[in-house]
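*Asks:* So the sequence lines, in the order shown, correspond to chains Z and R.
Per full-length UniProt numbering, the first sequence runs over residues 1 to 360.
Per full-length UniProt numbering, the second sequence runs over residues 1 to 360.
All residues carry an ideal CB built from backbone N, CA and C; glycine is no exception.
Before I ask anything, here is the structure I am working with.
2 protein chains.
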Amino acid sequence: MTDPFEGRSVLVVGTGLVGTSLGLALTRAGVDVRLADAKPEILAEAVGLGAGRPEPEAGGPAALAVVAVPPEAVAAVVGEVLQSGRAEYATDVASVKMLPTAQVRERVADPGRYVGSHPMAGREISGPGAALADLFEGRPWVICPDDGTHQQAVTRALAVARLVGAAPMTMTAAEHDAAVALVSHTPHVVAALMAGRLAGAPGHEVRLAGPGVTDVTRIASGDPELWTEILTANAAAVRPVLEGLRGDLDRLMAALETPVAGQPVLRELLRGGVDGRSRLPGKHGTAHTEFATVIVAVDDRPGQLARLFADAGAAGVNVEDVRIEHAAGQALGLVELDVRPGTEQELAASLRERGWTIRG
Amino acid sequence: MTDPFEGRSVLVVGTGLVGTSLGLALTRAGVDVRLADAKPEILAEAVGLGAGRPEPEAGGPAALAVVAVPPEAVAAVVGEVLQSGRAEYATDVASVKMLPTAQVRERVADPGRYVGSHPMAGREISGPGAALADLFEGRPWVICPDDGTHQQAVTRALAVARLVGAAPMTMTAAEHDAAVALVSHTPHVVAALMAGRLAGAPGHEVRLAGPGVTDVTRIASGDPELWTEILTANAAAVRPVLEGLRGDLDRLMAALETPVAGQPVLRELLRGGVDGRSRLPGKHGTAHTEFATVIVAVDDRPGQLARLFADAGAAGVNVEDVRIEHAAGQALGLVELDVRPGTEQELAASLRERGWTIRG
């Protein structure tokens with residue numbers, strides 16, 4: 001198989017979480033990785049972790065530079081790297097694509113040597129010490145070529161994506177920004193605003209909270225600084241999604257003013273929610289409709305989960321997936337075991353014989 | 001211990017999911033349960049499941065009636081049950097409290113013999129066949145006495161709550177409705193409106209969806225008919241919560257019009273979300289901060305989970321909780337094992353020795 005890098009190295013500029021993880025993954029895949037970072041101690045840490053070697057002072061250009069810096073810094077770094085001959089082609093990892101792409105087009109002499117990338121992977125902790133070689137395994141890696149993009153830039157970015165185990169997909173920068181506005185940025189806004197309503201609420205109200213509001217607000221714990229930057233960078237794409245949502249909110253609130261007369265509008269909006277949700281995988285979405293679920297009550301005695309799985313194994317039924325739901329503050333839980341349809345009765349009967357309490 | 005029911009029965013009127021579950025739980029606790037339902041076949045099914053005996057034609061009053069009917073029907077049934085002498089006191093199970101309480105006060109001759117209850121438990125499927133004796137285990141059971149409520153009504157409702165394993169708490173009907181508006185009804189609206197934005201979205205946008213939007217929209221799958229009724233019944237308490245949320249949404253959208261200048265407002269709203277979220281238990285909330293997490297990569301070969309738990313058990317480390325995250329559409333998953341802080345290194349080392357890939 002032809003070496004997409006033609007025997008040359010890949011240069012990673014910026015050795016934070018993503019850059020260092022890329023270095024680790026590419027090194028593991030046998031690529032010669034060179035590293036650079038504005039901060040010597042950060043660079044040293046990444047080198048020490050095995051993410052690659054320091055970029056040499058001299059020598060030929062890298063086949064590709066992956067510029068792992070914040071969105072607003074991408075164009076300047078890409079320009080410098082290409083114009084100084086540190087790399088033949090360049091890509092980035094920023095979570096918005098129109099901003100860096102437009103700035104590269106304006107400021108860089110040969111913008112076709114750049115193609116935007118967005119590996120959709122991350123962790124809540126940052127820095128080189130948090131880096132993982134398998135950070136990108138199975139995650140989408142979006143690549144956004146435009147009419148002027150050189151084919152080699154795309155070929156090499158695709159090669160990086162595949163080598164680190166990601167799932168590449170191409171779309172325009174505008175399509176990308178609209179997509180992440182819908183499925184990542186607006187949900188974050190919505191979760192944060194719902195969670196904001198809890199901040200000053202009386203204790204007796206919060207005490208009634210169950211798994212529902214916990215799910216809705218989970219991502220509201222994300223770093224406010226990071227998300228301020230993300231929403232600022234993608235404001236133009238987020239605004240229309242929020243406008244649509246606010247329009248629906250206005251209609252729902254008007255319907256609640258005359259609750260009985262408003263029921264058809266309520267029903268329509270709630271049905272729209274069911275339809276929209278069914279497009280995603282998850283507990284009641286497409287990914288799980290292929291399984292049957294056996295629900296087992298567990299208490300908090302040590303080793304219960306291990307015994308449960310051992311007993312399920314002894315029953316000869318393969319457990320495909322599992323979820324545990326805890327009653328808040330209680331020493332009880334329900335373990336939901338997903339199995340192939342047709343095997344659930346057998347598993348339930350076998351577990352009952354071994355003393356487990358099966359629900360439903 | 002004094003029998004709170006003084007040797008008499010508890011009458012359950014309405015043998016759907018909640019009524020039949022109550023019957024099963026109270027019967028298991030040794031209470032003489034009598035059942036009634038407008039539909040003979042539904043009553044017969046509940047009796048057949050062991051939830052109690054049919055209400056006799058004659059005989060003395062039950063100590064307490066639990067009226068398990070929809071909110072708008074509560075007052076009429078409570079009135080009839082008390083006035084005809086079928087029970088000495090009555091409570092209900094409706095998920096709103098101001099409406100039935102006000103209607104009972106207006107229409108029933110001795111309204112102090114009624115106290116409102118809301119056992120916060122349920123299932124997505126309904127009907128007597130879905131009933132479970134442990135439906136209420138560890139769940140909140142809210143009781144809403146007012147100035148005129150007879151103490152015996154409260155004593156007997158509390159006794160039911162405790163006998164079925166629920167966690168009783170008292171508050172006013174107004175406090176209850178405001179509480180569920182905040183922690184249950186508004187989150188449902190928010191999830192449904194976010195999910196509604198996905199309904200017509202292009203495939204390439206939805207394909208980038210990850211666990212975040214899946215969590216935010218999970219409860220949007222709930223029954224639109226049921227939720228239309230709930231939101232209608234609690235419209236007065238839900239409106240102010242939505243007004244607060246819309247105010248914050250307006251501020252956020254205005255900030256996005258001038259993204260850089262708007263950053264302080266964005267930051268403030270996002271921080272409010274972090275603060276609000278921290279008041280709930282969950283993945284990064286109070287309930288889990290006491291555990292350390294070991295993250296293990298698994299693929300989809302049969303028996304992986306059973307082997308993982310067996311190996312964890314062999315390591316002598318108790319697994320307290322587990323979550324599985326799947327990369328959408330990929331045959332890979334990350335299993336997060338919660339263990340007591342201080343035991344995670346030992347578990348990780350032991351699992352690595354047995355060939356598992358540990359992340360982070």
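Counting only the same chain and skipping the five closest in sequence on each side, list residues whose C-beta sits under 8 Å from that of residue 245 of chain R.
*Replies:* Counted from its first residue, the second sequence places residue 245 of chain R at position 245. Here the set comprises 186 and 190.
*Asks:* How would you write the range of the beta strand (DSSP E) that residue 297 of chain R sits in, first residue to last?
*Replies:* Taking the second sequence and counting its residues from 1, one reaches residue 297 of chain R at position 297. Segment 292 to 299, the beta strand (DSSP E) holding residue 297 of chain R.
*Asks:* Per the DSSP calculation, residue 53 of chain R is bridged to which residue(s)?
*Replies:* For the purposes of this step, residue 53 of chain R is identified with residue 53 of the second sequence, where counting begins at 1. Its beta-bridge partners are R:34.
*Asks:* If you follow the alpha helix (DSSP H) that residue 204 of chain R is in, where does it begin and where does it stop?
*Replies:* On the second sequence, position 204 is the one that residue 204 of chain R refers to. Looking at the DSSP string, the run of the alpha helix (DSSP H) that includes residue 204 of chain R is 203 to 206.
*Asks:* So which residues on chain R does residue 269 of chain Z lean against when the C-beta distance must stay under 9 Å?
*Replies:* As a first step, residue 269 of chain Z must be located in the first sequence, where it is residue number 269. Within 9 Å Cβ-Cβ: 189, 192, 193, 196 and 224.
*Asks:* Is residue 260 of chain R buried or exposed, if buried means 16 or more other CB atoms sit within 10 Å of its CB?
*Replies:* Numbered from 1 along the second sequence, position 260 holds the residue referred to as residue 260 of chain R. Residue 260 of chain R counts as exposed, since fewer than 16 other beta carbons sit within 10 angstroms of its beta carbon.
*Asks:* Could one say the Cβ of residue 120 of chain Z lies closer than 9 Å to chain R's Cβ atoms, at least one of them?
*Replies:* Reading the first sequence from its first residue, position 120 is the one you call residue 120 of chain Z. Output row for residue 120 of chain Z: interface = yes.
*Asks:* Roughly how many angstroms separate the alpha carbons of residue 262 of chain R and residue 252 of chain R, rounded to a whole number?
*Replies:* What you label residue 262 of chain R is simply residue 262 of the second sequence in a count that begins at 1. What you label residue 252 of chain R is simply residue 252 of the second sequence in a count that begins at 1. Taking the straight line from one Cα to the other gives about 8 Å.
*Asks:* Measuring only the C-alpha atoms, how far is residue 138 of chain Z from residue 304 of chain R?
*Replies:* Along the first sequence, read from residue 1 onward, the residue named residue 138 of chain Z stands at position 138. Along the second sequence, read from residue 1 onward, the residue named residue 304 of chain R stands at position 304. C-alpha separation (whole angstroms): 18 Å.
*Asks:* Taking the continuous alpha helix (DSSP H) assigned at residue 127 of chain Z, which residues delimit it?
*Replies:* Start at 1 with the first residue of the first sequence, and residue 127 of chain Z comes out as number 127. First-last for residue 127 of chain Z: undefined, no H or E at that position.
*Asks:* When the Cβ atoms of the stretch 332 to 350 of chain Z are set against those of the stretch 93 to 106 of chain R, are three or more pairs found closer than 8 Å?
*Replies:* Cβ pair count under 8 Å is below three, so no.
*Asks:* Under 9 Å between C-beta atoms, does residue 291 of chain Z make it to chain R?
*Replies:* Within the first sequence, numbered from 1, the residue matching residue 291 of chain Z stands at position 291. Chain R, which has no Cβ nearer than 9 Å to the Cβ of residue 291 of chain Z, makes this no.
*Asks:* To test your reading of the DSSP string, which unbroken alpha helix (DSSP H) runs of 4 or more residues are found completely within the stretch 52 to 106 of chain R?
*Replies:* Counting only runs of 4 or more, we get 74 to 83.
*Asks:* Would you mind stating whether residue 92 of chain Z and residue 116 of chain Z have Cβ atoms separated by less than 9 Å?
*Replies:* As a working mapping, residue 92 of chain Z is identified with position 92 in the first sequence. As a working mapping, residue 116 of chain Z is identified with position 116 in the first sequence. It is a contact, given that the beta carbons lie within the stated cut-off.
*Asks:* Taking CB distances under 9 Å as the criterion, tell me whether residue 175 of chain R reaches chain Z.
*Replies:* To locate residue 175 of chain R, count along the second sequence from 1; it is residue 175. Chain Z, which has a Cβ nearer than 9 Å to the Cβ of residue 175 of chain R, makes this yes.
*Asks:* Measure from the alpha carbon of residue 212 of chain R to the alpha carbon of each residue in Z:210, Z:217, Z:212 and Z:213, then state which is nearest.
*Replies:* Counted from its first residue, the second sequence places residue 212 of chain R at position 212. If we check each option's Cα against that of residue 212 of chain R, Z:217 comes out closest.
*Asks:* What would DSSP say about residue 139 of chain Z, mapped onto helix, strand or coil?
*Replies:* Your numbering for residue 139 of chain Z matches position 139 in the first sequence. Reduced to three states, the DSSP call for residue 139 of chain Z is coil.
*Asks:* Going straight from the alpha carbon of residue 108 of chain R to that of residue 75 of chain R, what length do you get?
*Replies:* Taking the second sequence and counting its residues from 1, one reaches residue 108 of chain R at position 108. Taking the second sequence and counting its residues from 1, one reaches residue 75 of chain R at position 75. Residue 108 of chain R and residue 75 of chain R: Cα-Cα distance of roughly 8 Å.
*Asks:* Rank R:81, R:193, R:136 and R:269 by C-alpha distance to the C-alpha of residue 19 of chain R and give the top, closest one.
*Replies:* Working through the second sequence from its first residue, we reach residue 19 of chain R at position 19. Out of R:81, R:193, R:136 and R:269, R:136 has the C-alpha closest to the C-alpha of residue 19 of chain R.
*Asks:* Who are residue 361 of chain Z's beta bridge partners in DSSP?
*Replies:* Nothing about residue 361 of chain Z can be reported from this structure: the residues present for chain Z run from 1 to 360 only.
*Asks:* Which whole-angstrom value describes the C-beta separation of residue 341 of chain Z and residue 292 of chain Z, a residue pair presumed to lie in contact below a C-beta threshold of 8 Å?
*Replies:* Translated into positions along the first sequence, residue 341 of chain Z becomes position 341. Translated into positions along the first sequence, residue 292 of chain Z becomes position 292. Right, the Cβ-Cβ distance comes to about 5 Å (below 8 Å), so this counts as a contact.
*Asks:* How is the alpha helix (DSSP H) around residue 239 of chain R delimited, first residue to last?
*Replies:* The count along the second sequence starts at 1 and reaches residue 239 of chain R at position 239. Where residue 239 of chain R is concerned, the enclosing alpha helix (DSSP H) stretches over 235 to 257.
*Asks:* Between residue 322 of chain R and residue 322 of chain Z, which are expected to be in contact by the criterion C-beta below 8 Å, what is the C-beta distance as a whole number of angstroms?
*Replies:* Along the second sequence, read from residue 1 onward, the residue named residue 322 of chain R stands at position 322. Along the first sequence, read from residue 1 onward, the residue named residue 322 of chain Z stands at position 322. 7 Å between Cβ atoms; contact.
*Asks:* Is residue 283 of chain R close to chain Z, meaning its C-beta is less than 9 Å from at least one C-beta of that chain?
*Replies:* Locating residue 283 of chain R in the second sequence gives position 283, counting from the first residue. Caution is warranted here: a pLDDT of 45 is assigned to residue 283 of chain R, below 50, making its placement in the model unreliable, and no coordinate value can be reported.
*Asks:* Given that a residue counts as buried once 16 or more other Cβ atoms are within 10 Å of its Cβ, and exposed if not, what is residue 327 of chain Z?
*Replies:* To locate residue 327 of chain Z, count along the first sequence from 1; it is residue 327. Confidence is the limiting factor: at residue 327 of chain Z the pLDDT is only 48, short of 50, which leaves the residue's position unreliable, though a coordinate-based value still follows. Counting every other CB atom within 10 Å of its CB across the protein chains shown gives residue 327 of chain Z a total of 16 or more, marking it as buried.
*Asks:* Could you check whether the Cβ of residue 329 of chain R sits closer than 9 Å to any Cβ belonging to chain Z?
*Replies:* If you number the second sequence from 1, residue 329 of chain R lands on position 329. Unreliable placement is indicated for residue 329 of chain R, whose pLDDT of 45 sits below 50; the coordinate value is still reported in the next sentence. Cβ-Cβ to chain Z under 9 Å: yes for residue 329 of chain R.
*Asks:* Say whether chain R places a C-beta atom closer than 9 Å to the C-beta of residue 227 of chain Z.
*Replies:* Residue numbering aside, residue 227 of chain Z sits at position 227 when the first sequence is read from its first letter. Cβ-Cβ to chain R under 9 Å: yes for residue 227 of chain Z.
*Asks:* If the cut is a Cβ gap below 8 Å, which residues of chain Z does residue 263 of chain R touch?
*Replies:* By 1-based counting over the second sequence, the position of residue 263 of chain R is 263. The answer, in chain order, is 228 and 232.
*Asks:* Chain Z beta carbons: is any one of them nearer than 9 Å to that of residue 202 of chain R?
*Replies:* Position 202 of the second sequence, counted from the first residue, corresponds to residue 202 of chain R. With 9 Å as the cut-off, residue 202 of chain R counts as an interface residue toward chain Z.
*Asks:* Which chain Z residues are close to residue 235 of chain R, counting only those with a beta carbon under 7 Å from its beta carbon?
*Replies:* Locating residue 235 of chain R in the second sequence gives position 235, where the first residue counts as 1. The answer, in chain order, is 256 and 259.
*Asks:* Taking only beta-carbon atoms, is residue 276 of chain R less than 9 Å away from chain Z?
*Replies:* Working through the second sequence from its first residue, we reach residue 276 of chain R at position 276. The beta carbon of residue 276 of chain R falls within 9 Å of a beta carbon belonging to chain Z, placing the residue at that interface.
*Asks:* Please list, in chain order, all residues of the same chain as residue 167 of chain Z whose beta carbon is under 6 Å from its beta carbon, the five residues on each side excluded.
*Replies:* Walking along the first sequence from the start, residue 167 of chain Z turns up at place 167. Contacts found: 140.
*Asks:* Mind checking if residue 9 of chain Z is an interface residue toward chain R, Cβ cutoff 9 Å exclusive?
*Replies:* Here residue 9 of chain Z refers to the residue found at position 9 when the first sequence is read from its first residue. Residue contact with chain R for residue 9 of chain Z: absent (no Cβ-Cβ distance below 9 Å to any residue of chain R).
*Asks:* Output the distance between the C-alpha atoms of residue 226 of chain Z and residue 180 of chain Z, rounded to the nearest integer angstrom.
*Replies:* Within the first sequence, numbered from 1, the residue matching residue 226 of chain Z stands at position 226. Within the first sequence, numbered from 1, the residue matching residue 180 of chain Z stands at position 180. If I take the Cα positions, the gap works out to 15 Å.
*Asks:* Between residue 110 of chain R and chain Z, is any beta-carbon pair separated by less than 9 Å?
*Replies:* Locating residue 110 of chain R in the second sequence gives position 110, counting from the first residue. False, the Cβ-Cβ gap to chain Z never drops below 9 Å.
*Asks:* With H, G and I counted as helix, E and B as strand and the rest as coil, what does DSSP make of residue 198 of chain R?
*Replies:* Position 198 of the second sequence holds residue 198 of chain R. Coil.
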